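**Q**
There are 2 protein chains.
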Amino acid sequence: MIRADLEALDAADPLAPFRDLFTLPEGVIYLDGNSLGALPRGTGPRVAEVIAQEWGNGLIRSWNDAGWIEMSARVAHKIARVIGASPGTVAVGDSTSVNLFKLLAAALKMRPGRHVIVSERTNFPTDLYVAEGLAALLAQGHELRLVDADAIHAALQPDVAVLMLTHVNYRTGAMHDMPAVTRAAHEAGALMLWDLAHSTGAVPLDLAGADPDFAVGCGYKYLNGGPGAPAFLHVAERLHATARYPITGWLGHADPFAFEPAYRAAPGIAGAVVGTPSILAMAALEVGVDIVLQAPMPDVYAKSQRQTEIFAALVAEQCPDMGFALVTPPDAATRGSQVSFTHQNAYAIMQALIARGVIGDFRAPDILRFGFTPLYIGFAELWDAVRILRDVMQSGEWNTERFRTRQKVT
Amino acid sequence: MIRADLEALDAADPLAPFRDLFTLPEGVIYLDGNSLGALPRGTGPRVAEVIAQEWGNGLIRSWNDAGWIEMSARVAHKIARVIGASPGTVAVGDSTSVNLFKLLAAALKMRPGRHVIVSERTNFPTDLYVAEGLAALLAQGHELRLVDADAIHAALQPDVAVLMLTHVNYRTGAMHDMPAVTRAAHEAGALMLWDLAHSTGAVPLDLAGADPDFAVGCGYKYLNGGPGAPAFLHVAERLHATARYPITGWLGHADPFAFEPAYRAAPGIAGAVVGTPSILAMAALEVGVDIVLQAPMPDVYAKSQRQTEIFAALVAEQCPDMGFALVTPPDAATRGSQVSFTHQNAYAIMQALIARGVIGDFRAPDILRFGFTPLYIGFAELWDAVRILRDVMQSGEWNTERFRTRQKVT
Chain A
1 MIRADLEALD AADPLAPFRD LFTLPEGVIY LDGNSLGALP RGTGPRVAEV IAQEWGNGLI
61 RSWNDAGWIE MSARVAHKIA RVIGASPGTV AVGDSTSVNL FKLLAAALKM RPGRHVIVSE
121 RTNFPTDLYV AEGLAALLAQ GHELRLVDAD AIHAALQPDV AVLMLTHVNY RTGAMHDMPA
181 VTRAAHEAGA LMLWDLAHST GAVPLDLAGA DPDFAVGCGY KYLNGGPGAP AFLHVAERLH
241 ATARYPITGW LGHADPFAFE PAYRAAPGIA GAVVGTPSIL AMAALEVGVD IVLQAPMPDV
301 YAKSQRQTEI FAALVAEQCP DMGFALVTPP DAATRGSQVS FTHQNAYAIM QALIARGVIG
361 DFRAPDILRF GFTPLYIGFA ELWDAVRILR DVMQSGEWNT ERFRTRQKVT
Chain B
1001 MIRADLEALD AADPLAPFRD LFTLPEGVIY LDGNSLGALP RGTGPRVAEV IAQEWGNGLI
1061 RSWNDAGWIE MSARVAHKIA RVIGASPGTV AVGDSTSVNL FKLLAAALKM RPGRHVIVSE
1121 RTNFPTDLYV AEGLAALLAQ GHELRLVDAD AIHAALQPDV AVLMLTHVNY RTGAMHDMPA
1181 VTRAAHEAGA LMLWDLAHST GAVPLDLAGA DPDFAVGCGY KYLNGGPGAP AFLHVAERLH
1241 ATARYPITGW LGHADPFAFE PAYRAAPGIA GAVVGTPSIL AMAALEVGVD IVLQAPMPDV
1301 YAKSQRQTEI FAALVAEQCP DMGFALVTPP DAATRGSQVS FTHQNAYAIM QALIARGVIG
1361 DFRAPDILRF GFTPLYIGFA ELWDAVRILR DVMQSGEWNT ERFRTRQKVT
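If you read the protein sequences in the order shown, they are chains A and B. By the numbering used here, the letter at position 389 of the first sequence is numbered 389, and the numbering carries on one by one without gaps. By the numbering used here, the letter at position 244 of the second sequence is numbered 1244, and the numbering carries on one by one without gaps.
Below, the structure is given as C-alpha cells:
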C-alpha cells in the first residue's frame, strides 16, 4: 500500500464533505472519536443562541416559547432513528450509568423468580458496577455472573433474569451479533439489555428488528454531543405498560405541572424520564445527532469497515516485529469502528503518539485503542498516523520518563 | 409608600452593582429567579471557550489539560462554601431527583430496623415521588408518611428512618428552622435529609452547624447555572465511611481509569459520583456559583427579607379587596426569598402579568408565586410590578380566553 492509494479513496469518498461540518485542530489526527466525538461547527452557534436568546431573553418562558419542554423528546425521536428503534421507545437524559440502573432495576422487577444478571467479564466496568450496586441495594440475593464472550450462551440458565452486554467491546472492538444473542436470551426466558455506547452512530443498528427489551447508549462518542452529553435509553414498546422504573422524578409524571402528591407515570417511554435535563447539553447533543442522521448509515459502516481493515493492515506492514498484537477481531463484520493492539509499553507509546498529534487512547492494562469516525477521518490520515507510529517506535522516543509517567486520565 | 422611597433604597443598595453581572431583557421585571435564575454575562463567553478551545481544539486531551476531570469537584467545593458545608462534603452532578434517590437509599440502608420516611404533604412532588419509587423498588415495607408542617415533630416516632424536608417550601415560601428540626430528627434516632432547592444562594445556610446527615440542591435557581443545570448533594463527613450509594458508576470508583471489574468506592464524597457530567453544563454552573460567592450572604439575605416584606406590603396597599390572600409567612425570618398569594383566578392573572413583562409563576392549583433574587432585582421594580398587577386587575385584562388557556408549562 502507498499513500496515493489512500488519497484515491479519499477522492472517491461519498462522506468526505461531512468533515467540513466539524472543526478539528491543525496537526492532529483524531482517532479517539469513540471516546469523545469531535466538535460540530454548528454546536457553538446553537449553544450560544440557547444561552443568549432562549435563556437570557426568554428566561423561564422558553420552556414553552422555545420548546425546551419538548427538546428531550425531539432528540430522543432522532436517536431512535439512529439506532433503528420504533418511534416513542427512546428517552434522552441522565448519564449512561443512571440509565442502566433504571433499566436494570425495571428488568429485575419483571423476572421476580430469577436472580442472576449475566454479563461479560470484559464489559465496560460501569455496567458491572451498576449491576453490583443494584444487587446490593435490593438485598434479595441477586448475583452478577461474569463470563467470557464464548460462554454467554451456556450461561443462559433458568435462573437468569437479564443478559446485559455491550454491543461493541470498549477495549477490543469485538461486536456481538445482536439479533442472535437477543434471540438466545429470550429463548432462555431472560430479558436482554444492550449497552450501545460504542455502536450508536458507528455501526448499523436495528433495534426494532433485533427486538431486545432494553438498551442504553452514550451521547458523547459517535453522536458528537460534547463532553458528558446526555445519554439515552430504549425500552421495547411491549414493555411500556408494565415497566416500573425505580427513580420516579417529576418530569416522568403524567402531568408534571399538576404537582400531585402521588406519582402517576407518564404513558410510554416518558415514564422513564426523571429530572430536568440540561438544556445547554441537550441542544449541543441535538446538533451532533442531526449530522449523524444526514449521513447514510450504509456508507458510514462501509467506510468504517474499510478504515479499520486498512489501519490494521498498515500497522502489520509498517510496524512488523515491534510487539503490537492485534486484539480486534480480524473479520470486519464482527467488530465495531475501532482497532486495538496490545503492547507491553502501550501507555508510553500512546503518550508519545499523542505528543506527535496522533490521538488514540490507552486502556489499562496494555491496550492501544484507535477509533475511526467515518464522518471526519480520511484515509490518507491513516497512512500518516501509522508512519508516525513507526517513527515513534524506531526513534525510541516513547521510551522517556515524560511519556511513562501516568496522568489522571489517559 | 411611594416610588421615590424605593428608588432611595436602590441608591443605597450595596448589591446594586451585581445586576451588571447579569443580562436581563428590556421591559421585563423578572420575579422568577427561583424557577430559573437569570443569565450571567460571563456564561456565554465561558461556554463558548469550553466548546471552541477545550472541546474543539483540546478534544479528549482536555480531561487532563483543561482540568475537566477536576471541574465537578471544584464546583462542588464552591457550592459547599455557599451552603456553609465543610470542604469535601459536596458533590455536583446528576439531577436533584437522582441525587435525592441516591441519598435516600443510602439513608434507609443505615436504619435497617426503621421503615418510615416522613415528609411534608406539601413538599415538592418530585421528592415524594422519589421516596415512593424507592420504597416500591426495595419492597421491604418502607412507607412514606406525609404530614402537615405543624405535625412533623409528633411524627418522629421510633419507626422513622429519615425525615426528608425541603427547607423553603416551593409554593408558600415557608422556611423551616434547620438546626431545630435537624436536632429533633436526631433526637428521635432518625436521619435528616434536606432539599435546599429554594434556599441555596438565597438564604444563609450553615450545614456544618446544623449538621444534617444529607442534603440535595438545585443549580438552576438562585445559583444561576442555566436551565437543567447539574444538581448537588451533601453528605456529612461522619457518614462517608459507611454510606453506600445505590448507583455505583465508574466516576465514583476509587480508580476509574484502572477499569477494574469490581467496584471500589472512591473515598469521601467522591463515592457519590456516578457517570460523566456534562462539561458544558458544569462550566455554566460554575460561572453562576462564582457570582454568588462574591456577594456577602448577609447583604443578600437582608435585601431578600426587605424585598419580600415590601412586595407583600405593596400588594396589600395597592390591590386591596381584589382577592389576593398572602400564603407566605408574614414573619420574614420564617420565609425564603419569595412571596405567594392564592387567588381563584391565579393562572389567568399570572399569564396577563407575564404578557405585561412581569414574570412570576403559577403553581397549581391557585398560587401566584413571586421570587426575589437580590443580586439582580431592584426595589423600584417591585413598585412597578405591583402597579402593573393593579392595572391588570382593574382593567380586567386577565379575564380573556387567551390568558385562561393552559399551556404546558406555567
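Ideal Cβ positions, reconstructed from N, Cα and C, are used throughout, including at glycine. Computed from a predicted model, the values in this text were never measured in an experiment.
Please classify G252/A: does DSSP put it in a helix, a strand, or coil?
**A** helix
**Q** D1290/B to A1258/B, Cα distance in whole Å?
**A** The alpha-carbon separation between D1290/B and A1258/B amounts to approximately 33 Å.
**Q** For the structure I just gave you, are there three or more beta carbon pairs, one from the segment 249-258 of chain A and one from the segment 111-118 of chain A, closer than 8 Å?
**A** no
**Q** Within 10 angstroms of the Cβ of D331/A, are there 16 or more other Cβ atoms? Answer buried if so, exposed if not.
**A** exposed
**Q** Considering only C-alpha positions, which residue in the set D148/A, G268/A, L104/A and G275/A is nearest to D195/A?
**A** Nearest option by C-alpha distance: L104/A.
**Q** Check whether the Cβ atoms of A106/A and A208/A lie closer than 8 Å to each other.
**A** no
**Q** Against chain A, does D1361/B count as a neighbour if the rule is that its beta carbon must be under 8 Å from one of theirs?
**A** yes
**Q** Under the rule that 16 or more other beta-carbon atoms within 10 Å means buried, what is A1197/B, buried or exposed?
**A** buried
**Q** Hey, is W194/A's beta-carbon within less than 8 Å of any beta-carbon in chain B?
**A** No, no contact with chain B.
**Q** Can you name the start and end residues of the alpha helix (DSSP H) that E7/A belongs to?
**A** R3 to A11
**Q** Given that P246/A touches chain B, what residues does it touch there, using C-beta distances under 8 Å?
**A** F1101, G1133, L1134, A1136 and L1137
**Q** Across the segment 1354-1374 of chain B and the segment 1332-1344 of chain B, are there enough close Cβ pairs to call them in contact, namely three or more that are closer than 8 Å?
**A** yes
**Q** Kindly list, in the order they appear in chain A, the residues whose Cβ is closer than 9 Å to that of A1258/B.
**A** Those within 9 Å of A1258/B in chain A are P125, A364 and P365.
**Q** Taking buried to mean at least 16 other C-beta atoms within 10 Å of its own C-beta, is G1323/B buried or exposed?
**A** exposed
**Q** For the alpha helix (DSSP H) containing D413/A, name the first residue and the last one.
**A** Look at the range of chain A in this structure, 1 to 410, and you will see that residue 413/A is not part of it.
**Q** Could you spell out the range, first to last residue, of the alpha helix (DSSP H) harbouring H1186/B?
**A** M1178 to E1187
**Q** Would G1226/B pass as a contact of A1295/B if the rule is Cβ separation under 8 Å?
**A** no
**Q** Mapping DSSP to helix, strand and coil, what is L1322/B?
**A** The sequence given here has Met at residue 1322/B, not Leu. Three-state DSSP puts M1322/B in coil, outside helix and strand.
**Q** Given that T1096/B touches chain A, what residues does it touch there, using C-beta distances under 9 Å?
**A** G249, G275 and T276
**Q** What number of angstroms, rounded off, separates the C-alpha of G1067/B from the C-alpha of V1047/B?
**A** Roughly 15 Å between the two C-alpha positions.
**Q** Can you tell me which residues form a DSSP beta bridge with G1217/B?
**A** F1232/B
**Q** R1121/B versus chain A: which residues are under 9 Å apart at the beta carbon?
**A** By Cβ distance, chain A contributes P261.
**Q** By DSSP's criteria, I393/A is part of a beta bridge. Which residues make up the other side?
**A** It should be noted that the sequence gives Met, not Ile, for residue 393/A. In the DSSP output, where bridge partners are listed per residue, M393/A has none listed.
**Q** For D1159/B, which residues of its own chain have a beta-carbon under 7 Å away from its beta-carbon, when the five flanking residues on both sides are left out?
**A** Excluding its 5 nearest sequence neighbours in each direction, D1159/B has C-beta neighbours in its own chain below 7 Å: R1114, H1115 and V1116, listed in chain order.
**Q** Of the choices I2/A, M1/A, D10/A and A4/A, whose alpha-carbon is the least far from that of F379/A?
**A** D10/A
**Q** Quick one: is R363/A buried, meaning 16 or more other Cβ sit within 10 Å of its Cβ, or exposed?
**A** Burial call: buried.
**Q** Under 8 Å, with one C-beta from each stretch per pair, do the segment 1268-1278 of chain B and the segment 1086-1102 of chain B reach the 3-pair mark?
**A** yes
**Q** Within the segment 299-361 of chain A, note down every full beta strand (DSSP E) run reaching 3 residues or more, in order along the chain.
**A** Taken in chain order, the complete beta strand (DSSP E) segments of 3 or more residues contained in the segment 299-361 of chain A are 338-342.
**Q** Under a three-way DSSP split, which group does R1369/B fall into?
**A** strand
**Q** To be precise: take each residue of the segment 32-45 of chain A, compare its Cβ to all Cβ atoms of chain B, and keep it if any distance is under 8 Å. Which residues remain?
**A** D32, S35, L36, A38, L39, T43 and G44
**Q** With 16 as the cutoff for other CB atoms within 10 Å, does T1328/B come out buried or exposed?
**A** buried
**Q** On the premise that A1229/B lies in contact with G1217/B, defined as a C-beta separation below 8 Å, what is that separation, rounded to the nearest angstrom?
**A** Between G1217/B and A1229/B, the beta carbon gap of about 11 Å keeps them out of contact (Cβ cut-off 8 Å).
**Q** Given a threshold of 16 other Cβ atoms within 10 Å of its Cβ, counted over all protein chains shown, does S1395/B qualify as buried or as exposed?
**A** exposed
**Q** Exposed or buried, T1126/B, counting other C-beta atoms within 10 Å across all chains shown (16 or more means buried)?
**A** buried
**Q** Taking Cβ positions, are L375/A and F18/A nearer each other than 8 Å?
**A** yes
**Q** Would you call T1166/B buried or exposed, if buried means 16 or more other Cβ atoms sit within 10 Å of its Cβ?
**A** buried
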